[in-house]
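A quick write-up on the structure given underneath.
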Amino acid sequence: MSRAIRLQQKKKQKVKYKVGQTVRVQYKKEKVGSRSYNEQAGSQRYIITRIDAKSRRHPLYFLSDEKGRELSGGGFLQSQLVPIDLGDTYRGRAIKKYTRGGKKYATVRWKGYNSEWDTDVAI
5 MSRAIRLQQK
15 KKQKVKYKVG
25 QTVRVQYKKE
35 KVGSRSYNEQ
45 AGSQRYIITR
55 IDAKSRRHPL
65 YFLSDEKGRE
75 LSGGGFLQSQ
85 LVPIDLGDTY
95 RGRAIKKYTR
105 GGKKYATVRW
115 KGYNSEWDTD
125 VAI
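Residues in the sequence shown are numbered consecutively from 5, following my numbering.
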């Protein structure tokens with residue numbers, strides 16, 4: 005049996021994630037028995053904007069950041085994405101504390117994000 009016929013007989017991979025779902029990009033393949041989630045996946049969250057699964061055996065996922073800017077350079081495979089559930093707690097550190105109108109605030113730098121994502125949070 006030729007290689008081309010064997011490839012045609014293989015099934016297409018099912019689409020695992022949905023448009024609008026929030027994911028992180030996995031930098032490297034997980035090792036068996038590995039526990040370190042933070043080192044293997046980036047901290048920045050992305051949103052799936054579209055999926056190309058029609059002409060491919062493995063679906064490609066196209067992502068945008070939380071400000072709506074689409075990532076350039078092509079799509080990602082399912083094995084490169086880690087689904088996340090957005091909770092109420094995010095990692096960050098206070099880079100500046102100040103008082104305005106008698107209320108205390110802190111400027112927070114979120115883990116995995118640059119300075120354009122800094123936000124002011126009431127303490």
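Beta carbons: idealized from backbone N, C-alpha and C, even for Gly.
Note that this is a predicted model, so its numbers are computed, not measured.
Which same chain residues, not among the five before or five after residue i, have their C-beta less than 8 Å away from its C-beta?
i      : result
Leu64  : Ile55, Asp56, Ala57, Gly78, Gly79, Phe80, Leu81
Asp124 : Tyr109, Ala110, Thr111, Val112
Arg60  : Lys16
Tyr117 : Ser47, Gln48
Within the same chain, show all residues whose beta-carbon is closer than 7 Å to that of residue i, passing over the 5 residues directly before and after it, in chain order.
i      : result
Tyr102 : Tyr109
Val23  : Ile52, Thr53, Arg54, Ile55
Asn42  : Note that Asn42 scores a pLDDT of 48, beneath 50, so its modelled location is shaky; the value from the coordinates is reported in the next line. So no residue of the chain qualifies.
Gln25  : Ile52, Pro87
Lys107 : Ala126
Can you tell me whether residue i is buried or exposed? The criterion is at least 16 other CB atoms within 10 Å of its CB, across all chains shown.
i      : result
Arg210 : Any property of residue 210 remains undetermined from this structure, which presents the chain solely from 5 to 127.
Ile52  : buried
Tyr50  : buried
Tell me which residues share the same chain as residue i and place their Cβ nearer than 6 Å to its Cβ, disregarding the 5 neighbours each side in the sequence.
i      : result
Leu75  : Leu67
Asp122 : Thr111, Arg113
Arg95  : Lys115
Could you say which of the options lies nearest to residue i if we only look at CA atoms?
i      : options                     : result
His62  : Gln25, Asp89, Lys16, Ile99  : Lys16
Gly105 : Ala126, Pro87, Tyr31        : Ala126
Lys20  : Asn118, Pro87, Gln48, Arg97 : Pro87
Lys100 : Asp89, Ser83, Ser119, Gln84 : Ser119
I'd like the ranges of any beta strand (DSSP E) spanning at least 3 consecutive residues and lying wholly in the stretch 99-123. DSSP assignment within the stretch 99-123 yields the following whole beta strand (DSSP E) runs of 3 residues or more, N-terminal first: 107-114.
Suppose only complete runs of 3+ residues qualify. What are the beta strand (DSSP E) ranges in the stretch 49-98, listed by chain order? Counting only runs of 3 or more residues that sit fully inside the stretch 49-98, the beta strand (DSSP E) segments are 50-56, 64-68, 85-87, in chain order.
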